[in-house]
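Taken in order, these protein sequences are the chains called A and B.
175 is the number of the first residue of the first sequence in the numbering used here; add one for each residue after it.
32 is the number of the first residue of the second sequence in the numbering used here; add one for each residue after it.
Right, one structure below, let's go through it.
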Amino acid sequence: MAVYSDSDREAYAKLADFLIPEYNGKPAASAVNVHLEMLDEVLRIRPDLDEGFRRALDFCCGKDVSEALNALAREDDAAFTALTTVTTGGYMMTDGARAAVGYPGQEASPFDVDEIPEYITNGMLDRVIARGPIYRDTKHL
Amino acid sequence: MAKPTRKNEEVDVLIVGSGPSGAVAAKLLTESGMSVVTLEQGTWFDPGDYPGDKKEFELAGGKQWHPSPNVRDNERDYPINTSESDVEPLMQSAVGGSGTIWAGHWVPFLPSDFKVRSLDGVAVDWPFDYYEILPHLEAVEQLVSSSGTKGNTGYPQQAGYPTKQIPIGKTGMKLAQGMDKLGWHWWPGLNAMPSIPWQGQNPCARRGTCMFGCPEAAKWSPDLVLFKEAKKYGHRMIAGARVREVIYDDNLGRVTGAIYVDMNGRERRQMAKIVVLCANAIGTPRILLNSKSRRFPDGLANSSGLVGKNLMMHPFGLVMGHFDEDLESWKGPSGQLINTLQFYETDEKRGFVRGAKWGGMSAGGPLSSKGYVGSTVFKDGGKVEDTWGVNWHKMIEERFGRTALWAIVGEDLPEEANRVEIDSNLVDSDGVPAPKVIYKTSENSKLLLEFHAERAKESMEAAGAVSTSVMPQMRESGWHLLGTARLGDDREQSVLNQYGQAHDVPNLFVWDLSAFPTGAGANPTATLMAVAHRQATQLIKEARNVEAA
Ligand SMILES: Cc1cc2nc3c(=O)[nH]c(=O)nc-3n(C[C@H](O)[C@H](O)[C@H](O)COP(=O)(O)OP(=O)(O)OC[C@H]3O[C@@H](n4cnc5c(N)ncnc54)[C@H](O)[C@@H]3O)c2cc1C
Ligand code: SF4
Numbered sequence: 175m176a177v178y179s180d181s182d183r184e185a186y187a188k189l190a191d192f193l194i195p196e197y198n199g200k201p202a203a204s205a206v207n208v209h210l211e212m213l214d215e216v217l218r219i220r221p222d223l224d225e226g227f228r229r230a231l232d233f234c235c236g237k238d239v240s241e242a243l244n245a246l247a248r249e250d251d252a253a254f255t256a257l258t259t260v261t262t263g264g265y266m267m268t269d270g271a272r273a274a275v276g277y278p279g280q281e282a283s284p285f286d287v288d289e290i291p292e293y294i295t296n297g298m299l300d301r302v303i304a305r306g307p308i309y310r311d312t313k314h315l
Numbered sequence: 032m033a034k035p036t037r038k039n040e041e042v043d044v045l046i047v048g049s050g051p052s053g054a055v056a057a058k059l060l061t062e063s064g065m066s067v068v069t070l071e072q073g074t075w076f077d078p079g080d081y082p083g084d085k086k087e088f089e090l091a092g093g094k095q096w097h098p099s100p101n102v103r104d105n106e107r108d109y110p111i112n113t114s115e116s117d118v119e120p121l122m123q124s125a126v127g128g129s130g131t132i133w134a135g136h137w138v139p140f141l142p143s144d145f146k147v148r149s150l151d152g153v154a155v156d157w158p159f160d161y162y163e164i165l166p167h168l169e170a171v172e173q174l175v176s177s178s179g180t181k182g183n184t185g186y187p188q189q190a191g192y193p194t195k196q197i198p199i200g201k202t203g204m205k206l207a208q209g210m211d212k213l214g215w216h217w218w219p220g221l222n223a224m225p226s227i228p229w230q231g232q233n234p235c236a237r238r239g240t241c242m243f244g245c246p247e248a249a250k251w252s253p254d255l256v257l258f259k260e261a262k263k264y265g266h267r268m269i270a271g272a273r274v275r276e277v278i279y280d281d282n283l284g285r286v287t288g289a290i291y292v293d294m295n296g297r298e299r300r301q302m303a304k305i306v307v308l309c310a311n312a313i314g315t316p317r318i319l320l321n322s323k324s325r326r327f328p329d330g331l332a333n334s335s336g337l338v339g340k341n342l343m344m345h346p347f348g349l350v351m352g353h354f355d356e357d358l359e360s361w362k363g364p365s366g367q368l369i370n371t372l373q374f375y376e377t378d379e380k381r382g383f384v385r386g387a388k389w390g391g392m393s394a395g396g397p398l399s400s401k402g403y404v405g406s407t408v409f410k411d412g413g414k415v416e417d418t419w420g421v422n423w424h425k426m427i428e429e430r431f432g433r434t435a436l437w438a439i440v441g442e443d444l445p446e447e448a449n450r451v452e453i454d455s456n457l458v459d460s461d462g463v464p465a466p467k468v469i470y471k472t473s474e475n476s477k478l479l480l481e482f483h484a485e486r487a488k489e490s491m492e493a494a495g496a497v498s499t500s501v502m503p504q505m506r507e508s509g510w511h512l513l514g515t516a517r518l519g520d521d522r523e524q525s526v527l528n529q530y531g532q533a534h535d536v537p538n539l540f541v542w543d544l545s546a547f548p549t550g551a552g553a554n555p556t557a558t559l560m561a562v563a564h565r566q567a568t569q570l571i572k573e574a575r576n577v578e579a580a
């Protein structure tokens, strides 16, 4: 895995905040450290993204962020995809971003198997049954 | 109980592939007293390794847990040349096969699926019908610990399911309300996962990550259940064993076993009186085409020339409805919440034949939202700012947790030009020649998907969706692979007889989806397991008559 210097991370933070800025109570990407430990974590999980991500950083280096990202998206889709995947992937793994969008994660949601579902009590399923079978039978063939 | 087999000893039955079809075969044959070995190129997965209960699950789903072997590129996978295919075949190489990462949608084929020639004048009829399969279906519905609601009006009456319905959640209810308004058929989702602890499986906890493996050990998977049972009766699983070819003895006119490469790269032989291939509709023709002999220079059991031909992959479309309310649409099961067979049967006025089943599902975690707005839909003339920055946040606010979807699984008709061949250059990590898939989506499939996407959109609107997104066809949608060694009565027109026994070789069988002469418009595994159950039952019945090597 490539080693990212402090200046690489600073440059990436600018790109990341352009993609995911602070908005309506949601943190900007750099506020939840997508450029720091989250970058390392994402690339640990997905080392295959490293190459494209590095290309994206090099491509955008020293350029106006909007111009650079638009050019990258047109010219090197794989690098642009790596950059956005690293950014959204890192962002959405943080507690801060998850809390802000109201996402508890793929948690277990136990249920009461004996609870009568609403579609039974309100007659919705009965209406399906009342319309009768809809398959074509083949007993005659 | 059969006596435990020693290495390389001749066994009664050798099974190649340990997915749902191989698992049914192993359980039934071993329990009947036969000595059985299964060779599986993949290894055992531990439910603790599945990423579904970890924060990284969607990222890992983009690579290590991706359903395409070409993306995963694991040493245990074989590569597939798909440069001439409209659709990317999806599967898993593991003990349990693709059953480790399947979604558990349990959708038996309908009566009409077995008689498409008689009813609609297309493709071929099966040599048996729905009613012959029904008792086998009811038996495997017990084996997979299914959960559901009896009485679906889309089917003839049947026995019911061992465990009660898993809740359909807010998302399922939303979808059902749309169908209710339109007076269209819908039914609570039937799934191969129990709602209560059952046969060693835990109840589904609605994590919604079935297609990354079930971390709860709830979703039915062959490695969790049937192979453990078969082991009690002396079944032997050899994992990490990649079959290079089935051995055919020209003098005997029979197969005598298989040559495989073990985890250490050593070539070994497993001898057997009967060989049953369950390596799926790409893996099985690959093995047959790689198995050449004096009698079969073009591949084993291929006198019809049909081995590898007639590959079917269900045309697949997605229609999403985005709602104002919070539907908690990351919650599972995923698993089908509800489904519909409203437009399943042929209606000639639509301009195409056959139909599709729709499965109602939640849209998944936050990165899935990239699937409908994100980097890959950067259009000509568009700007990064259209989908990123504040607009990305707005998209998440409007869609994440608020999106229901219909997954449309349509019928693909068999065409000889759609096929599996052996690639002239590509090999797997053991140097075994790898397959090439040549597949074009038919005009019928395109028309079918357009029609169904329009109807699904209408149902979302009826349910009150604020907006909808339609993906009429996805490339990475080859979940269901069928047809490449079809069964039938006419040996010129099929590779196998009605029991999945090769017309050309009496002790060679194929019990995976390669054998299906048509593919229906429904997820195939319920019918696959029911048909494998029928074939194994017949083999046991006839065991003494089968000419053994
Ligand atoms: C992501 C995903 C989701 C799905 N969801 C559903 C669903 O909800 N409902 C449904 O009905 N179906 C679903 N399917 C399809 C379902 O998984 C398949 O229909 C089913 O697994 C086919 O079973 P099988 O035993 O024929 O083959 P497989 O499960 O594909 O197993 C074949 C096995 O053979 C092994 N093998 C292949 N070649 C060799 C060789 N040369 N040597 C040794 N071993 C070999 C493979 O490693 C594999 O383990 C899904 C599939 C995928 C990929
Ligand atoms: S939804 Fe149920 S079956 Fe699917 S992964 Fe979660 S717990 Fe397992």
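Just so it is clear, CB atoms sit at the ideal spot from N, CA and C, and this is done for glycine as well.
Burial state of residue i (16 or more Cβ within 10 Å)
i: H314/A; result: exposed
i: A435/B; result: buried
i: N295/B; result: exposed
i: T407/B; result: In this prediction, T407/B scores a pLDDT of 46, lower than 50, which makes its location untrustworthy; the coordinate-derived value is nonetheless stated afterwards. Counting Cβ neighbours within 10 Å, T407/B comes out exposed, since fewer than 16 surround it.
i: M32/B; result: Because M32/B sits at a pLDDT of 48, beneath the cut-off of 50, its placement in the model cannot be relied upon, and the following sentence gives the value as read from the coordinates. With fewer than 16 Cβ atoms within 10 Å of its Cβ, M32/B is classed as exposed.
i: G271/B; result: buried
i: R237/B; result: buried
i: Y162/B; result: exposed
i: S455/B; result: exposed
Boundaries of the beta strand (DSSP E) in which residue i is found, first to last residue
i: D280/B; result: R273 to D280
i: L308/B; result: E298 to L308
i: N554/B; result: No beta strand (DSSP E) holds N554/B; DSSP gives it neither H nor E.
i: F347/B; result: F347 to H353
Distance cut-off 7 Å: residue i Cβ against heavy atoms of ligand 1
i: T371/B; result: no
i: D543/B; result: yes
i: Q123/B; result: yes
i: M268/B; result: no
i: G53/B; result: yes
i: E71/B; result: yes
i: V497/B; result: no
i: R228/A; result: no
7 Å CB neighbourhood of residue i in its chain, flanking five on each side removed
i: R148/B; result: A154, V155 and D156
i: W133/B; result: T556
i: V404/B; result: At V404/B, the pLDDT of 43 sits below 50, so the modelled position is not reliable; the number obtained from the coordinates is stated separately. Within the same chain, V404/B has close Cβ partners T418 and M426.
i: A170/B; result: H564
i: P581/B; result: As shown, chain B starts at 32 and ends at 580. That puts residue 581/B outside it, with no answer to give.
Same chain only: Cβ atoms within 8 Å of residue i, ignoring 5 sequence neighbours per side
i: A274/A; result: G199, K200 and P201
i: G432/B; result: D357, L358, E359, S360 and W361
i: V4/B; result: Chain B is shown only over 32 to 580; residue 4/B falls outside these bounds and no answer can be derived.
i: S365/B; result: A134, G239, T240, C241, M242, M392, S393 and G395
i: R183/A; result: H209, L210 and L213
i: K94/B; result: V102 and R103
Beta-carbon proximity list for residue i, same chain, < 6 Å, skipping 5 on both sides
i: D281/B; result: S324, R325 and R326
i: D80/B; result: none
i: V260/A; result: V216, L223 and F227
i: Q173/B; result: P193
i: S545/B; result: A312, T315, T515 and A516
i: I571/B; result: S63
Residue i CB to nearest heavy atom of ligand 2 below 7 Å
i: S252/B; result: no
i: M426/B; result: no
i: M606/B; result: In the structure displayed, chain B extends from 32 to 580; residue 606/B sits before or after that span and is not available.
i: T113/B; result: no
i: G79/B; result: no
i: P503/B; result: no
i: G135/B; result: yes
Expected contact under 8 Å - CB spacing of residue i and residue j to nearest Å
i: V118/B; j: S49/B; result: The pair is not a contact, with the Cβ atoms about 25 Å apart (cut-off 8 Å).
i: L210/A; j: T258/A; result: So it is not a contact: roughly 18 Å between Cβ atoms.
i: G179/B; j: P219/B; result: 7 Å
First through last residue of the alpha helix (DSSP H) which encompasses residue i
i: S490/B; result: E474 to A493
i: Y470/B; result: Counting along the chain, Y470/B falls outside any alpha helix (DSSP H), though it belongs to the beta strand (DSSP E) covering P464 to Y470.
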